[in-house]
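Enquirer: Would you mind keeping the following structure in view while I ask a few things?
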């Protein structure tokens, strides 16, 4: 099971790199930083493309 989780984490890190998102360890979580992305997630395994899609910025 641990190997599968590690495999999914590596796939998520690769996907993030392909979309210009940096993955940083943040205590027991992961910090995703990129253009329009500034998010902390508890687990990388299971991360999908919509999780790293930049948020729309709307003026008020």
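Residue numbers (the numbering used here): 226 to 285. Idealized CB from N, CA, C, for every residue including glycine.
#1: Output needed for residue 249: all residues of its chain with C-beta closer than 6 Å, excluding positions within five of it in sequence on either side, in chain order.
#2: Spell out the partners DSSP gives residue 264 in its beta bridges.
#3: Beta strand (DSSP E) containing residue 249: first to last residue?
#4: Ends of the alpha helix (DSSP H) at residue 275?
#5: Taking DSSP as the reference, what is the three-state secondary structure of residue 232?
Expert: In terms of the structure at hand:
#1: 256
#2: 257
#3: 247–251
#4: Residue 275 -> no alpha helix (DSSP H), and no H or E assigned at all.
#5: helix
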